[in-house]
Amino acid sequence: MEFQKDNGFFTGRFKSINYAFNGVVKLITTEHSIMVQCFLTILLTLTGFYFNINQTEWLFQTLAIGLVLSIEGLNTAIEKVADFIHPDHNERIGFIKDIAAGAVFFAAITAIAIGCIIYLPKFI
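Take a look at the structure:
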């Protein structure tokens with residue numbers, strides 16, 4: 832079957848949104864790290880409502896959550912491609928996967944810092 836591009840503006844956008852939604856469902860239903868992060872997203876959202884955080888705090892919290900989930904999705908994609916290309920253990924593939932995981936670590940540390948800035952004063 833040959834790929835045929837949809838040149839219609841609206842139909843092409845709807846197909847793209849459908850592919851993206853399918854990707855989100857696959858991430859949430861198959862990847863444990865995303866499951867944990869989605870749980871934390873719900874928890875932090877409820878915590879934000881409980882503490883009545885302001886608009887700026889909501890913006891930073893939303894940005895941090897989106898950053899972590901996005902980078903985690905990219906990390907998962909890199910790992911899946913690497914495993915597809917070379918299913919056996921390979922030092923160079925491991926190096927690539929470690930770098931992708933490191934990017935998630937940077938995003939998570941940033942999100943933790945933002946969370947601490949927002950919520951620690953409310954607990955103290």
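Residue 832 is where the sequence shown starts when you use the numbering used here, and the numbers rise one by one after that.
Cβ atoms here follow ideal geometry from the backbone N, Cα and C, with glycine treated the same way.
If you look at Gly925, you'll find it in the alpha helix (DSSP H) that goes Glu922 to Phe954.
In the same chain as Ala938, and ignoring 5 residues on each side of it, the C-beta atoms closer than 7 Å to its own belong to Leu898, Val899 and Ile902, in chain order. Here the alpha carbons of Ala942 and Gly933 stand approximately 14 Å from one another.
With a contact defined as Cβ atoms closer than 8 Å, Ala913 and Ile930 miss out at about 11 Å.
For Phe882, no alpha helix (DSSP H) run applies, since DSSP gives it neither H nor E.
The C-beta of Gln892 has 16 or more other C-beta atoms within 10 Å across all chains shown, which makes the residue buried. Going by C-alpha positions, Thr887 is about 45 Å away from His917. A Cβ-Cβ contact shorter than 8 Å links Gly904 with Leu858. DSSP, reduced to helix, strand and coil, places Asn853 within a helical segment of the structure shown. C-alpha of Tyr850 to C-alpha of Leu890: approximately 27 Å in a straight line. Residue environment: Thr907 is assigned as buried (16 or more neighbouring CB atoms within 10 Å of its CB, all protein chains considered).
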